[in-house]
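Taken in order, these protein sequences are the chains called D and U. The first sequence runs 1 to 820 under our numbering. The second sequence runs 1 to 820 under our numbering. Below: the structure, in structure tokens.
2 protein chains.
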Amino acid sequence: MLLTTVLLFSSLLTSSVLAGPHARLKNPKKRPKKHTPLLEVLSTVHSNSTASKTFSPVTVAPKENIFISLTNDEAASVISFLHNQTELNLTAAVDAGAWDNAIEVLDLVQPNKTDALHYLDHNGPLPPRYAVARIAFGATEEPYHQDFIVGPLPISKDSTYASLDWPTTSGSSKIRNYNADDDTLLQWNVDVTATVADIVLDLLNGTATGSDNDDFDIWGIDPLWMEEIDGEQRVILWNTYWRYPSDEDAVFDGSETLLPQGLFFKSDITGRDPSKWKVLGWLYGDIFYSTTEEFRQAWKSPGFVKYQLNLPGEWIGSDQTGQHFLADTIAPPVAVQPNGQRFSVDEKQKYVEWMDFSFYITFTRDTGLRLFDIKYGGERVIYELGLQEAIAHYAGNDPVQSGTAYMDTFYGFGPYAFELVPGYDCPTYSHFLNSTFHAAELSKTHRNNICLFESDPGYLMQRHSSSNYLALTKNIVLTLRSVSTVGNYDYSFDYVFALDGSIETIVRASGYIQSAYYAKNNDYGYQVHDALSGSMHDHVLNWKVDMDVLGTENTFVKHKIAPAVVKYPWANNTRSTMRLERERIENENDAKLSWPANGADMFLVENSNQLNKYGEPKGFKIAPSRGGAGMFLTIQDSPNLLKSQGFAKHALYVTKQKDTEVRSSHANNDYDPGHPIINFEDFFDGESLNQTDIVLWINLGMHHVPHTGDMPNTVFTTAQAGFIISPHNYLLNDASRTTRQMVRIDYNASGVQSVKEFGGKMASGVVNVSSLQPNFWNYEGDVAVRKFPYDPLHPFNDSEYHICPYFLVLLSIASAESIV
Amino acid sequence: MLLTTVLLFSSLLTSSVLAGPHARLKNPKKRPKKHTPLLEVLSTVHSNSTASKTFSPVTVAPKENIFISLTNDEAASVISFLHNQTELNLTAAVDAGAWDNAIEVLDLVQPNKTDALHYLDHNGPLPPRYAVARIAFGATEEPYHQDFIVGPLPISKDSTYASLDWPTTSGSSKIRNYNADDDTLLQWNVDVTATVADIVLDLLNGTATGSDNDDFDIWGIDPLWMEEIDGEQRVILWNTYWRYPSDEDAVFDGSETLLPQGLFFKSDITGRDPSKWKVLGWLYGDIFYSTTEEFRQAWKSPGFVKYQLNLPGEWIGSDQTGQHFLADTIAPPVAVQPNGQRFSVDEKQKYVEWMDFSFYITFTRDTGLRLFDIKYGGERVIYELGLQEAIAHYAGNDPVQSGTAYMDTFYGFGPYAFELVPGYDCPTYSHFLNSTFHAAELSKTHRNNICLFESDPGYLMQRHSSSNYLALTKNIVLTLRSVSTVGNYDYSFDYVFALDGSIETIVRASGYIQSAYYAKNNDYGYQVHDALSGSMHDHVLNWKVDMDVLGTENTFVKHKIAPAVVKYPWANNTRSTMRLERERIENENDAKLSWPANGADMFLVENSNQLNKYGEPKGFKIAPSRGGAGMFLTIQDSPNLLKSQGFAKHALYVTKQKDTEVRSSHANNDYDPGHPIINFEDFFDGESLNQTDIVLWINLGMHHVPHTGDMPNTVFTTAQAGFIISPHNYLLNDASRTTRQMVRIDYNASGVQSVKEFGGKMASGVVNVSSLQPNFWNYEGDVAVRKFPYDPLHPFNDSEYHICPYFLVLLSIASAESIV
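Right, dumping it as structure tokens:
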């Protein structure tokens, strides 16, 4: 989440052989592959043999997954192709410096929905595959980034490339990078610090000279600011000092985000010539000094107030602490699956079938796990379901907290969707999937970073009892999960499918808070340690939910539970009562919505032309399901986000589907949020939403004012949000009646008279639970550069990955003539 | 939920030997006791023997449970005592008719908090125990109900009785019963129907003559209405016809609530002389006929519109239906607890200890399960946590739906908190508790109607990963659960304790909807079957949460996340940002609250004088956690509930604790909601809430507009709501650091370097899962009269119970001189 840290970091790397400056993902080291533990079941003697004959946990997708990530071969050929386009003047990522042009990221260009539906529903041809290449152009006084569409794939004589402008609202995928010179900036920070080394030593008790023994890391606002000075737009950076870990807390990741030091400086870093950069002032103890000299004079003055040091220590660690509970040495309950997996997977196509549901999975660098073509009962319900962007907007009395509003797709959810730990992150019996993404001219595979598992959430789906009988139905759900650790925060994403036909999307946040120095910050957070304030912030995560209820002609309706005063024919006087009022959202202009007070409106997507037997339009309801659903930004006109926060100002939005409006945000918006590549607000142009293809953009989030309970880590338990999509007048009855996992017990005064189990089985067999214990030594870590480079000498999480050395491919190709 | 049904029902019983008319709970039949299945674990060879030495699942409560229900002996002696008070003129419940006085319910008078705290915290004496006896006075022209306090217990020469007026707001526990003559009313309904038997046969295709072959049950609004007619207050009842089950759906409980027939009549049933009762009109097809003759003329007219019949059939059943899924014959995952229970129970005192939590349980006839003295880390957090009342307010174009607003404590949650089914309602390894209540001069014990279990909800408590390590902590929770089936609805209540110190209260609703006849009801619900409308309704359930954060001197604060425009010393211009604004709720007048839009306020209970090390007041946060938290009534001035809905007009309330303001509602308010015994709004008298003992009254609920997915049953999955109370600046760090159920995996490029498990264990041993399968044949049903008497000849759910034949005790005492 920290631009300047990434810059600092990559600048460190520039001197190594590992990576180029533009790539957000670096070349990981390789080490031996280990084996996944086999989950052993001693015996399943009681399991139903008929079922195992007829059901297979392996399936074949009915259609090719046209959304699936680029293959390694596709990526390699695209890189090769682009390097042959001499006008791009590309340098291999591994060799590229700040003044070179280099490929940052490759991904699939999502096929146009029209083409996709033609293929999926009408036996049309496979949509042509195109890649998007995100290229950093450093070889210019005005560095910029631009997306190119390359294809069709595989690369052939017909393949071309062009700026990928049509999914933008600005008209161009180009965006200026005002901060391309990361190693220069690192030196600048050190040089600026040198001018006040004595003050830093006095106030902060440490040094930052660019050496290995530095006490402080220096980084600041994200995104950068533009400020008009003397009639000119200047590029402004506010930095602050963050203390590096001490010996005691060295392993813990929070040692930097929990150790702000309270001294800030403002730089004008306009242009690529650092000799023209300027220090524009210092801040300490909420007092601003507009020159270094002024700061120095004040510091020398007798009345200068010094604040308490915020020092590292054991308090930063997340290990077990305090008197443990007697009972806690006993193992807690655990879920087992003795009779085998009940869903089917096509590993190659990343296609899943569970009960009445089926869906395709893909994975992108920007947003990680995505779902496509979610069908229920054979009918598509959701064409596309996936995260778009995640904002974390801070506030504080200091310019760094005040100036921070991360847009996390800049860093990407894909690179940080690390390997999951069986027995902790997911049940040991989970089905794990790998994911691949392509960045810095490398293809990297996260091993086991997606899990799929069935579970019993611990309460029933249906229940009724009477004097004659009980009827009980289990609530067995299928969860698809991935976790992305974007710097300090671990975002856990669940997509939960249930027997009643509902689909719940859940995000939970754990990990370290980004904190603020305590001095005079009372209005912006609680004091949570000796000299530390829990910096208040808003999380807003935006999902695209492209619903298709029985076709693409859909309408968004509000059904209001409205108070009313009514005169009935059977009453002498009027009566206070309530009514169901049905209202269409006719137009995009009316489609910026918030959840109503007291839950008084139901939000539905219906196909108004598809009536059920009783005349009610078939639809699905969209509702908050847990925690801070529907949260949007408190700050409606953020000076940090400017025109890049359009999707985060309401709880949810409805737009007409367009193949040109693919995403609500762009990973490069962060470079220049005042001139974003995609400004979501431009999607709203008054188009009719009446029985047309509509897309929902739904926000989840939390207003987070960290308190001592967030130390050292925020807990998932109280930091979660979800929305649920469930059938509404869609089928003629409750869908969960189809399951066999129910029992009916008829009884009377003489006792139980009959027990009906409907062919469902209770778990059976003998399970060696000990053998299910995960072997934590099998963890392989993972690829990817992290946002907070605690150990600049060992910056990479190491892991299994399938390395494809493009630059070698490239070199060999180059020496053997172009293939085009 | 249906007053007239109860009346009808008890009138049938009057002619039997079983029960008196005033008792809502009847004398169940007795049958042989069965045995609970033992949950067998084949081997736990790997379990930690040290732990089992030091931890015991059995504990001894540090203090007597002064909240525990009356013992059978106490109840017997109170009944005996009251029968000796000749001025009460009591008849034994078993012999009592409509014109007798009889004891309905006995319960404990909750001790005064002052006395309770003196005992709990200061080694004061045990608070004296008193019983409340709810007595129905039928031997008068103006029948009424009244509560009496009896004690101290055990009954001695010092014991007295008096009207229990101090916990009322009306000044008296007396309330008029305008509908005491249930057998008379039954006959009235049959007699009225006889006047239009030909029309009923024609329109509804059936008969209701009071015979065993009746096609229809006749019942209507709850509560009754008062209407001024010719200057006099008259008692008004609107009735309608509900079809009895057919052969196909006979067992299913929904056959009545799903079969309204669309014909309604209005009666004036003022007074106890039915010869003065009048029919005031008929309603069919939304047309009102003010006399029977007018109705008959219309029916005979050629243009008379007849509507479709709403007939029973298989659609009412909840059994498995449709093509089952191939995989569904395989048993789904299941939770096991191979290494034993990790919480301790004092069965006698109903006291529980789990990790850092402890609490006492009690059980009342009105509201079922209640928790007292919830301590966390040895400090009380909640003195009292329990349901107060549950409203289900309907609306519709017909007077029965429009006129229905159940207050379910009238029926009681205790009597309907039936036995739970292991493996479905709760995990097989759950610890089950029994509960006893006293009604109709019988003490009845629900076997296994409360379960306690640990579980893993399927996501972590804490997580963080970096390039060096992963730290993961399990989210193991303790759930306390009971389910009350109040007529058509099954309310499941969970109290969930978590390792981060949070306590979540959850209600879920399943079971049958109460539906409406479809004709012209479009504005009030969806059509859900051939001639059926899902009657829209609001559920509002009110909880008392008497929080004590480090003593009773507490303050309710709102911490607002507020947008702000601020001029900072370090910025030239103002900036749009946000701030934390702290606001006290100073006074009861300001303490009727709703959850803020966009979750922008945090609601906290703090002890403003107890600051943590960093100067922040220690407190707990109260927040919605799932679904329809904080829902309140759409209808703010219900003509049905009148002055009895005061607690249901906002999301939550704060009042100053008073021993005279024990409950927000009274089970007898339903008799005369315009003149309730407790009007919650009278609690608000402008008292200061500043550092005093405060009580929260929190609503959960759902606005429920049933659609086809509610057929045949509403599912828990989408009908749930919860609130969570969690430490806020209370401890100096995240409380979950105390658990051992965490792992830290340190790794680097060479692989995993260390695995720290902190003494926690993963589940181990070999489990015979087959042997854990529940034996459904052990279900024993349960006691209690049900609201919908489908089988009037076998009205009682039969079950194990510990019968104490008071009337025999009484007779023997009477013949052996009084003990007083």
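Beta carbons are placed, not taken as given, at the ideal position from N, Cα and C, and that holds for glycine. Note that the structure is predicted; figures quoted are calculated from it, not measured.
query: Proximity test, Cβ basis, 9 Å: D:E227 and chain U; result: yes
query: Closest by C-alpha distance to U:A562, when choosing among D:T257, D:I635, D:T739; result: D:I635
query: 9 Å Cβ cutoff met for U:D115 and U:P128; result: yes
query: Residue(s) in a DSSP beta bridge with U:W829; result: Outside the shown range of chain U, which is 1 to 820, sits residue 829 of chain U, and nothing can be said about it.
query: Three CB pairs or more closer than 8 Å across the segment 258 to 271 of chain U and the segment 509 to 516 of chain U; result: yes
query: With 16 other Cβ atoms within 10 Å as the buried cut-off, status of U:T739; result: buried
query: Min CB distance D:G262 to chain U below 9 Å; result: no
query: Per-residue DSSP class, three states only, for D:I678; result: coil
query: Run of the alpha helix (DSSP H) containing U:T184, from where it starts to where it stops; result: 182 to 194
query: Interface residues of chain U facing D:M829 [CB-CB closer than 7 Å]; result: As displayed, chain D neither begins before 1 nor continues past 820, which places residue 829 of chain D out of reach and without an answer.
query: Touching by the beta-carbon criterion (3+ pairs, under 8 Å), the segment 360 to 368 of chain U and the segment 413 to 421 of chain U; result: yes
query: Spatially closest choice to D:N189 from D:A139, D:R626, D:W277, D:S770, by CA coordinates; result: D:W277
query: Beta-carbon contacts of U:S688 that lie in its chain and below 7 Å, excluding the five residues immediately before and after; result: E586, N587
query: Within 9 Å of chain D by C-beta, residues of the segment 456 to 480 of chain U in sequence order; result: D456, P457, G458, Y459, L460, M461, Q462, R463, H464, S465, S466, S467, N468, Y469, L470, A471, L472, T473, K474, N475, I476, V477, T479
query: Residues within the segment 532 to 554 of chain U neighbouring chain D, beta-carbon criterion of under 7 Å; result: M536
query: Coarse secondary structure for D:K613, derived from DSSP in three states; result: coil
query: Minimum C-alpha distance to U:F453 - residue among U:Y469, U:S465, U:P427, U:F437; result: U:P427
query: Same chain only: Cβ atoms within 7 Å of D:M762, ignoring 5 sequence neighbours per side; result: none
query: Option nearest U:E293 by Cα separation, candidates U:T195, U:L696, U:G206; result: U:T195
query: Spatial distance of U:G138 from U:D672 (CA atoms); result: 16 Å
query: Own chain, CB closer than 6 Å to U:F432, minus 5 neighbours either side, in chain order; result: N448, C451
query: Chain D contact for U:K326 (CB, 9 Å cutoff); result: The sequence given here places Leu at residue 326 of chain U; Lys does not occur at that position. Judged by the 9 Å Cβ criterion, U:L326 is in contact with chain D.
query: Any chain U beta carbon closer than 9 Å to D:L39; result: Note that D:L39 scores 32 on pLDDT, short of 50, meaning its location in the model is unreliable and no value can be drawn from it.
query: For D:V705 and D:G317, the rounded distance between their alpha carbons; result: 20 Å
query: Contacting positions in the segment 632 to 665 of chain U - beta carbon closer than 8 Å to chain D; result: F632, T634, I635, Q636, D637, S638, P639, A651
query: Through-space distance from D:P727 to D:Q610, alpha-carbon basis; result: 14 Å
query: Same chain, Cβ closer than 6 Å to D:D538, five either side skipped, listed in chain order; result: H393, L633, T634, H703
query: Selection of the segment 733 to 756 of chain D by Cβ proximity to chain U, strictly under 9 Å; result: N733, D734, A735, S736, R737, T738, T739, R740, Q741, M742, V743, R744, I745, D746, Y747, N748, A749, S750, G751, V752, V755, K756
query: Contact check, D:E832 vs D:N554, beta carbons under 9 Å; result: Because residue 832 of chain D is not part of the residues shown, which for chain D are 1 to 820, the question remains open.
query: Residue ranges of each beta strand (DSSP E) within the segment 333 to 417 of chain D, 3 or longer; result: 334 to 336, 344 to 346, 351 to 354, 357 to 364, 368 to 376, 379 to 394, 405 to 407
query: Closest Cα partner of D:G751 within the set D:A93, D:S467, D:L731; result: D:S467
query: Chain-ordered neighbours of D:K761 on chain U, where CB pairs are closer than 8 Å; result: T329, I330, A331
query: Interface flag, D:S301 vs chain U, CB-CB below 9 Å; result: no
query: Selected residue, minimal CA-CA separation from U:Y495, among U:N179, U:G722, U:Y614; result: U:G722
query: Cβ separation of U:S665 and U:Q388, assumed to be a contact under 8 Å, to the nearest whole Å; result: 6 Å
query: Contacts that U:Y851 makes with chain D (C-beta to C-beta distance below 7 Å); result: Residue 851 of chain U lies beyond the residue range present for chain U, which begins at 1 and ends at 820; the question has no answer from this structure.
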